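Here is the structure we will look at.
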Amino acid sequence: MTADREVTHLRDYYKKQCRAVGHTADLQQRVTEAVIDHITEEAQATHAAFGHGANGDGKPSTATPPNGDANKSAADAPVANDDDNFIEGIVAENDSDRTNGDKAARLPEQLYGCTLRSALCLSGGGIRSATFNLGILQGLARHGLLEKFDYLSTVSGGGFIGGWLTAWMHRQGTQQVVDELSRPPASPLESDPKPVHHLRTYSNYLSPQPGLLSADTWTLAATMLRNLLLTWLVFVPVMMAALVVPRLWAAFVLRPTFSPPDAMLWCSLIGSVAGVWALVYVGTSLPSAGRNGEESEDDPLEGSQRRFLVWCILPLMISAMAFVTYWARLNNPPGDHTWHEFVLFTEAITLSAWFITALYRFRHAKFTGRWFLVRLLVATVFIVLAQFITGCLLWYGATTFMSGAEPHKRLYATLAVPMILLVLAVGCALIAGFSSRFTKDDDREWWARGGAWVLIIVIMWSVAHLLVLFAPSLFESLGATVRAAWGRKELLWNDISWANWGQILGIVAGIVSGAITLFGGFSAKTPANENEAKNAGVGGKLLGVLTSLLAPLFLGFVVMLLSLATNVLLTAVDPTPPRDHAALIEATPFRYLLVALGLLALISVVMGSLINTNAFSLHFMWRTRIIRAYLGASRPRRNPNPFTGFDTYDNIQMYELRRQPDGVECPPIERPSNGDTQRPAHVPAPRKLFHIINIALNLAGGNKLEWQDRKAESFTISPFHAGSYWLGYRRSCRYGGLNEGISLGTAVAISGAFVSPNMGYMMTSPVVRFLMTLFNVRFGWWLGNPGAAGSGMGFVQRTLTRLGRPFNYRGVSPFELRAPLLPVRPIVEEALGLTNDQSPYVYLSDGGHFENLGLYEMVLRRCRFIVVSDATTDADYSFDSLAQSIRQIRVDLGVPIEVREMSIGRPVQNLKGKYCAVGRIRYSCVDRKASPPPPPENPRDPNYKRALALYQMEQALHEKQRGMTDEDFDGILIYVKASMIGDEPRDVLNYGRSNGSFPQEVIIDQWFSEAQFESYRALGSHIIDAICGGEQNNKIGLAAFARRARAHNQMNFDAFKEQINYAAFEKQFAQEMKNWAPDSYKQKVRKYLDETLK
């Protein structure tokens, strides 16, 4: 099969998928073309499957064609020997009834639906996965299997060892790497190849020399503190600026900052206009008032929540704030105003909005039917009645609870606006209730969602103002006590009152709650969802409950501390500042607060433009250590800095790993001064094991409701492209780094996770997520959106481009940058859970947050032979990672995966367990066209052209697939799991007995001892030997590997020898009792015992 054939099939599949998800024509074309380009180049690079004319290094194959013509190359032959074995293995798996003649007669030209490509998937699991998969790679190399895989798909910890292998093959060639991994030790003093020995040396890759007095340990601590400080310089000013806003409102409403003679007139006018605007929006946006019940195609925000917030909630808040200011400025006593004034004023605003709405409906012919005048009259009466009640409630609240701002100024600024919003919400609820007999379900749902947003605003307003305006007062007396003691240079026990003790306990509680919250959000023991909560132990459940309960307390404590810091900032310019927090709130001029707000915003913008937040997250800290330990292992002429031990040139750019297609301009490669090159000229470029690094694109926000539980989508980085099937792809030589592209070390670091932050729980709990961002417990990476949103330039970029034109400065798009130019917005989005795939920048993190086996993307690429090595954390052997992968592949791609027998289980010593399971990938459920679809019937249908194109495509596929069966499409999945059955090497068994959780030790352990490292490596190597028949260095093909995997899963009679012996003895005893009388049998047994005991 040619690469063009593969691409044709995949193009048709992706076009169908684009239509199925309802993409618009432009988006469909863009996504489809991006995917086609991506798959085309991958197919050309990896089209070295068996018999396709290339070996592991891309050299022409010398296999003789099956037709016996030695003059033809294997590339010209329809089938090569290995390809026969491969097809035979697939047919043997999926159709055991076929004869050998039938198997041999099937030609690749008949296998249109399959790609015949293979993949090796290495799962996540931190250094445990990296070490276990090292043994897997060694075992595959010894049996001649490693170099036969077309794809290498890695996630998280599997990416560590995958990057190590890719870098080694890049520098020395695939065949050289396979030879070194498979050959016996060169000498007793060199038992491992140098790259493997390097991994042993850096098994503690984070701090190679652990210990309390080690410089490596203190370097980690110093780096974390430095990164925290730099992150705070960007994020804390934003938080403080946000906390100044309640002070601004209090100063505006409580102080006569703007009190000209006509100020009250302006307040009433603004409040009335804004209120009418909000009500008009409500009247014209109800589903019953929509444009034929449909959203506008020209305006995608028509009827959306964002539009509702901008055009309804915001004017409603402005109206409430204007009336609250009017009431605070009112000179007459509140008692002078009667209830009918409030009612008349409310009715005037409502009827004005109703009149405008009625004009809108008349203009758009929304009043139709015989009884529309009657309905209009009845609806008007109900609205007038509802607003009458609303006006009475406003009068009662204004005269009872808001009788002027003077008595309780801070309380007035805090609760006045929420009270008005709640009363208006009650009025809207009354309108919805009174008109329920004349409205539909859609209108009631619209009212309910609008009321929900009002409640959200009320709660957020109240909590923010209470924390800023009141909370710091709780610690004022303690501060006075401390200042008095500081003045006397002495602190007496009698100076500490009971109130001070309560405040001290409050501070201690805030600190303790913070420690528990950060630990709970960081720990892998915290259940991330309901399924994990069911399987969690008592400690994990308790930690989850404490984290949920204490996180809001700690957040309130942090807000209070920042509010006190704002007090210090405001009093720094005042020689005689008030010590009392309440007095400071009331006395601070409005202009001072504006200056403080602008200053904090300026600090945040300046610091954000100077500080690369990607470079100073925890992710970057361990990225450099991953590069040193894994990518630097195969570099023969390392020249590390003598002080730090790091070498910048250990890293490799992704685009260097493969020869780029013609016409792709790649940036120049920077070389070290010692003349070292990443790959010598005589080393052939590898073509097998095309590395796909799987990453998660986080979707805490966004409009993909069907993915609200995942909160992520797949994102991949390869030597050719970086991107997502749902967004599109960018060239790796341009993505994620101006004039350099993204590097292998960066991609591996993003795909992994430092220690094990429980990202699922962080993304589920907004409070925990906010706190983890604040304290720089951040493991993600912000890069440009590979889709259309990452192409445009923002305001800052456009300004820089205009200013740089005289200097030939070319503006760059977000997808070309290593980090956002202004990281303030991305960090705020990260903290508030607003990450999505539609912003200029996307938030990337551990690939295990989406799918932890690397299987998803290989099924997407239609690989027909896939080996998955699962070293994920699974102490209960519930196979959660496999189940999640199967579920997501079936939901997103429509491809079921069947694994009928699963004999893998907890570590045992009785030889009854298994190391692997064999499954079937049912590509035929999607790719095979059992029957042609019916043609579209209505040419007047607006979607007729799209339906006709889909019909023609489906019809063409059906014609091409005549005579083909499911087995021509389906693939094989061999699932290998880290487990023990009792025949492992003696040292591995000993380590397993000493460490009961082996081989499922907690992922948080990233500091491996020598015994730990060797036990995981030896276990992986032994598993491959056991599956391949127990003999080392016996070279086999992938088809033979599939057959031996199935044979491995058959019953092992050695495991049941003891039970068989006992059963035979029991059967013999019963038979003897039938043939002999009891007395005679007793004499026989007595005689036997006497002879035995002599």
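Numbering (the numbering used here), first residue to last: 36 to 1129.
We put the beta carbon where it would ideally sit given N, CA and C, even for glycine.
On a predicted model such as this, the values are computed, not experimentally measured, just so you know.
{"Query": "What is the residue span of the alpha helix (DSSP H) that residue 262 lies within?", "Result": "250-289"}
{"Query": "Counting only the same chain and skipping the five closest in sequence on each side, list residues whose C-beta sits under 7 Å from that of residue 298.", "Result": "364"}
{"Query": "Find out if the Cβ-Cβ distance for the pair residue 1006, residue 900 is shorter than 8 Å.", "Result": "yes"}
{"Query": "Determine, using beta carbons only, whether residue 448 and residue 500 come nearer to each other than 8 Å.", "Result": "yes"}
{"Query": "Could you name the residues of the same chain whose beta carbon sits closer than 7 Å to that of residue 954, not counting the 5 residues immediately before and after it, in chain order?", "Result": "932, 933, 934, 1008, 1010"}
{"Query": "Cβ atoms of residue 636 and residue 605: under 8 Å apart, would you say?", "Result": "no"}
{"Query": "Which residues does DSSP pair with residue 199 in a beta bridge?", "Result": "Partner(s): none; residue 199 has no beta bridge."}
{"Query": "Let me check one thing: in DSSP terms, what residues is residue 728 bridge-paired to?", "Result": "189, 752"}
{"Query": "Which residue wins for smallest C-alpha separation from residue 312, given the options 384, 179, 321, 271?", "Result": "384"}
{"Query": "Is residue 883 closer than 8 Å to residue 191 when the C-beta atoms are compared?", "Result": "yes"}
{"Query": "By alpha-carbon positions, which one of 771, 419, 417, 360 ends up nearest to residue 455?", "Result": "360"}
{"Query": "Should residue 880 and residue 814 be called a contact, given that it needs their Cβ atoms to be closer than 8 Å?", "Result": "yes"}
{"Query": "Can you give me the C-alpha to C-alpha distance between residue 414 and residue 420, rounded to a whole angstrom?", "Result": "10 Å"}
{"Query": "Which first and last residues belong to the alpha helix (DSSP H) in which residue 980 is found?", "Result": "979-995"}
{"Query": "Three-state secondary structure (DSSP) at residue 1117?", "Result": "helix"}
{"Query": "In the DSSP assignment, the alpha helix (DSSP H) including residue 1075 goes from what residue to what residue?", "Result": "1073-1083"}
{"Query": "If you count every other CB in all the chains shown that lies within 10 Å of the CB of residue 328, and 16 or more means buried, which is it?", "Result": "Reliability fails at residue 328, whose pLDDT of 40 lies under 50, so the model's placement of it is uncertain and the value that follows must be treated cautiously. Result: exposed."}
{"Query": "Going by beta-carbon coordinates alone, are residue 970 and residue 986 separated by less than 8 Å?", "Result": "yes"}
{"Query": "Assuming the contact rule is C-beta atoms closer than 8 Å, residue 1057 and residue 816 should be a hit. Round their C-beta distance to whole Å, please.", "Result": "Wrong, their Cβ atoms sit about 36 Å apart, outside the cutoff."}
{"Query": "Below 8 Å between beta carbons: does that hold for residue 620 and residue 285?", "Result": "yes"}
{"Query": "Since residue 726 and residue 753 should fall inside the 8 Å C-beta cutoff, what is the C-beta to C-beta distance between them, to a whole number of angstroms?", "Result": "7 Å"}
{"Query": "Count the other C-beta atoms from every protein chain shown that fall within 10 angstroms of the C-beta of residue 60, then say buried if there are 16 or more, exposed otherwise.", "Result": "Here the model assigns residue 60 a pLDDT of 44, short of 50, so the residue's position is not dependable, and the following value carries that caveat. The residue in question, residue 60, is exposed, as its Cβ has fewer than 16 Cβ neighbours within 10 Å."}
{"Query": "In chain order, what residues of the same chain have a beta carbon less than 8 Å from the beta carbon of residue 1022, not counting five sequence neighbours either side?", "Result": "1046, 1049, 1050, 1053"}
{"Query": "Quick check: the Cα distance between residue 305 and residue 978, rounded to an integer number of angstroms?", "Result": "47 Å"}
{"Query": "Could you spell out the range, first to last residue, of the alpha helix (DSSP H) harbouring residue 1029?", "Result": "1021-1029"}
{"Query": "Within the continuous alpha helix (DSSP H) that includes residue 482, where are the two ends?", "Result": "476-504"}
{"Query": "Can you tell me whether residue 893 is buried or exposed, with buried defined as 16 or more other CB within 10 angstroms of its CB?", "Result": "buried"}
{"Query": "Whose C-beta lies closer than 6 Å to the C-beta of residue 276 among residues of the same chain, with five residues either side of it excluded?", "Result": "632, 635, 636"}
{"Query": "Roughly how many angstroms lie between the CA atoms of residue 851 and residue 323, to the nearest whole one?", "Result": "46 Å"}
{"Query": "Could you give the DSSP three-state label for residue 778: helix, strand or coil?", "Result": "strand"}
{"Query": "Can you give me the Cβ contacts of residue 132 inside the same chain, cut-off strictly under 7 Å, excluding the 5 residues immediately before and after it?", "Result": "For residue 132, the predicted model reports a pLDDT of 32, less than 50, meaning its position is unreliable; a value from the coordinates is still stated below. None."}
{"Query": "Return the first residue and the last residue of the beta strand (DSSP E) that residue 915 is part of.", "Result": "No beta strand (DSSP E) contains residue 915, which is instead part of the alpha helix (DSSP H) from 915-928."}
{"Query": "Ignore the nearest five residues each way along the sequence and tell me which others in residue 936's own chain have a CB closer than 7 Å to its CB.", "Result": "952, 1084"}
{"Query": "Whole angstroms are fine: how far does the CA of residue 773 sit from the CA of residue 197?", "Result": "25 Å"}
{"Query": "Classify residue 17 as helix, strand or coil using the three-state DSSP reduction.", "Result": "Residue 17 lies beyond the range of the chain shown here (36 to 1129); nothing can be said about it."}
{"Query": "With residue 153 as the anchor, note down where its beta strand (DSSP E) starts and where it stops.", "Result": "153-157"}
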